[in-house]
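Trainee: As numbered in UniProt numbering, residues 1 to 130 make up the sequence shown, in order. Just so it is clear, CB atoms sit at the ideal spot from N, CA and C, and this is done for glycine as well.
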Amino acid sequence: MTEIYDAIGAYCEDFLGSEKEFPFGDGAGVYKVAGKMFALVAEDTRPLRVSVKLDPEEGLALRAEFPEHVLPGYHLNKRHWNTLVLDGTLGEDEVLGLLRQSYDLVVAGLPKRLRPPAPDAPEDGSTVLS
Numbered sequence: 001m002t003e004i005y006d007a008i009g010a011y012c013e014d015f016l017g018s019e020k021e022f023p024f025g026d027g028a029g030v031y032k033v034a035g036k037m038f039a040l041v042a043e044d045t046r047p048l049r050v051s052v053k054l055d056p057e058e059g060l061a062l063r064a065e066f067p068e069h070v071l072p073g074y075h076l077n078k079r080h081w082n083t084l085v086l087d088g089t090l091g092e093d094e095v096l097g098l099l100r101q102s103y104d105l106v107v108a109g110l111p112k113r114l115r116p117p118a119p120d121a122p123e124d125g126s127t128v129l130s
């Protein structure tokens with residue numbers, strides 16, 4: 001498709017516990033962690049659109065700064081979800097950073113038993129004190 005599409009896919013797939021599904025059909029890829037969505041990629045739109053979960057205040061600030069490129073989440077809770085219109089106005093680093101924030105927000109809202117382990121955590125769940 002496009003470079004940004006490939007970058008989004010590679011980035012989201014690298015998150016611990018990330019899975020990609022197509023619950024709304026082939027044109028809408030949904031990235032989830034522990035069954036909770038953190039990104040929705042409208043793969044059949046041009047320009048590409050990606051919905052992410054953000055802190056409500058940050059979402060409002062981005063909508064004010066980029067009124068044609070950060071929209072209230074399409075068919076989603078508009079307080080928390082924002083749809084990014086990826087026509088090149090938003091840089092790749094910014095888009096990937098917003099995807100990371102979305103993932104982190106969703107993980108923080110999970111019960112501890114469902115959260116993916118930290119990358120440097122021992123496999124047995126123990127902690128090491130020095």
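#1: Expressed to the nearest angstrom, what Euclidean distance is found between the alpha-carbon atoms of V107 and K36?
#2: What whole-angstrom Cβ distance do L99 and Y11 have, given they're in contact under 8 Å?
#3: Determine the DSSP secondary structure at L76, reduced to helix, strand or coil.
#4: Using the three-state DSSP reduction, which class does R115 fall into: helix, strand or coil?
#5: Quick test of your reading: G114 and A34, contact by CB under 8 Å. State the CB separation rounded to the nearest angstrom.
#6: Find the nearest neighbour of L60 within the set L105, L71, S51, judged by alpha-carbon distance.
Mentor: Working from what's here:
#1: 9 Å
#2: 6 Å
#3: coil
#4: coil
#5: A quick correction: the sequence has Leu, not Gly, at residue 114. Yes, L114 and A34 are in contact; Cβ-Cβ is about 4 Å, under 8 Å.
#6: L71
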